[in-house]
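Q: Number 50 in our numbering belongs to position 53 of the sequence shown; there are no gaps in the numbering.
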Amino acid sequence: GEPPVASGLVDGSISGNGYSCTWSATTSAEPPQTLVIDSATVNPPGGDAGCTTGMVPGFILHSDATATFDDGSGTVTIDRLDISVETDVGACRYEANGIVLGRDGSSRGYFGQWAFSLASGAGCSTDDLHLLMTFS
-2 GEPPVASGLV DGSISGNGYS CTWSATTSAE PPQTLVIDSA TVNPPGGDAG CTTGMVPGFI
58 LHSDATATFD DGSGTVTIDR LDISVETDVG ACRYEANGIV LGRDGSSRGY FGQWAFSLAS
118 GAGCSTDDLH LLMTFS
């Protein structure tokens, strides 16, 4: 049989339009294996709100997300992010598919700017969001 796969962690941040949220979650494996970010384990570091607006909960991942690594091209592709963030105007829910983030050197840190569609939220900006994810 296959050897057991260790679970991993991801630390992330998302920012845009005057707010920033940090979060962490458990993953189903470690890179470079394809892994699933477990939405039920999302918790900002230290258990605080995680967002500059101080709202609780500041960041919600509504469904699991799959991360596929391509070490040859130095990227990770996230199949789908369905997220809510608390901003000065209230809760903004954003969705995006096929998000590609670039690798930071030889680390397991990945970053990029991506266009999300606004799923709900009055007065929420539709500017691109900046994403950072570090897998361990």
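Note that the Cβ used here is the ideal one computed from N, Cα and C, for glycine as well.
Here's the rule: buried if 16 or more other CB atoms are within 10 angstroms of the residue's CB, otherwise exposed. What is residue 10?
A: buried
Q: My understanding is that residue 64 touches residue 31, with C-beta atoms under 8 Å, so please give their C-beta distance in whole angstroms.
A: 7 Å
Q: Is it buried or exposed, residue 13, if we count other Cβ atoms within 10 angstroms and call 16 or more buried?
A: buried
Q: Determine the direct distance from the alpha carbon of residue 22 to that of residue 40, and round the result to whole angstroms.
A: 6 Å
Q: Among the candidates 29, 98, 87 and 67, whose CA atom is the shortest distance from the CA of residue 16?
A: 87
Q: Should residue 84 go down as buried or exposed, given a rule of 16 or more other Cβ atoms within 10 Å for buried?
A: buried
Q: For residue 18, report the span of its beta strand (DSSP E) as first-last.
A: 16 to 24
Q: Using a Cβ-Cβ cutoff of less than 6 Å, which residues in the same chain neighbour residue 66 once the five nearest sequence positions on both sides are dropped?
A: 28, 29 and 73
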